[in-house]
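Undergrad: In the numbering used here, the protein residues as written are 666 to 757. The beta carbon of each residue, even a glycine, is placed where N, CA and C say it ideally should be. Treat the numbers as computed from the prediction; the structure is a model and nothing was measured.
Below, the structure is given as C-alpha cells:
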C-alpha cells in the first residue's frame, strides 16, 4: 500500500533524547553494574569454601563440587540480572 502525504503527516515525530536524559541513563547503568563487584566476591567465597571443605574432608568431593556449582550458578544469575538492568537502562 502506498502511503499518502496526509498519512505521513499524521505520524508523530519521535522525540529526541535530551542531554540530561541520556546522562541519567548512563549514570543509572553505571550504578546497576555495582552489583557485579558483589558477584565477583560471591564467586570467590563459593570456591574458597569448596577448597576449604575439600581440604577438611576429601571423601565428599563430589557432593561439595555439586554444591559449589549450584552456588556459582545462583551467584552468576545475580550478575546476569545486573547486566540485564544495565542494558535496559542504556538501550530503552
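Ends of the alpha helix (DSSP H) at residue 706?
TA: Start and end: 700-721.
Undergrad: Could you pull the start and end residues of the alpha helix (DSSP H) that residue 690 belongs to?
TA: It spans 684-697 - the alpha helix (DSSP H) in which residue 690 sits, taken as one unbroken run.
Undergrad: Could you compute how far the alpha carbon of residue 694 sits from the alpha carbon of residue 723?
TA: Roughly 43 Å between the two C-alpha positions.
Undergrad: Do residue 733 and residue 745 count as a contact pair if the criterion is CB distance below 8 Å?
TA: No. Outside cutoff.
Undergrad: With a 10 Å radius around its C-beta and 16 neighbouring C-beta atoms as the bar for buried, classify residue 691 as buried or exposed.
TA: By the neighbour-count rule (16 or more Cβ atoms within 10 Å), residue 691 is not buried but exposed.
Undergrad: State yes or no: is the C-beta of residue 751 within less than 8 Å of the C-beta of residue 698?
TA: Against a cut-off of 8 Å, the Cβ pair of residue 698 and residue 751 comes out as a contact.
Undergrad: Helix, strand or coil for residue 678 per DSSP?
TA: Residue 678: coil per DSSP, three-state reduction.
Undergrad: Grab me the residues of residue 704's own chain with a C-beta within less than 8 Å of its C-beta, minus the 5 sequence neighbours each way, in chain order.
TA: Taken in chain order, the residues that qualify are 740, 741, 743, 744 and 747.
Undergrad: Identify, in the order they occur along the chain, each residue of the same chain with its Cβ nearer than 6 Å to the Cβ of residue 707, setting aside the five sequence neighbours on each side.
TA: For residue 707, where only same-chain residues beyond five positions count, the Cβ hits under 6 Å are 740.
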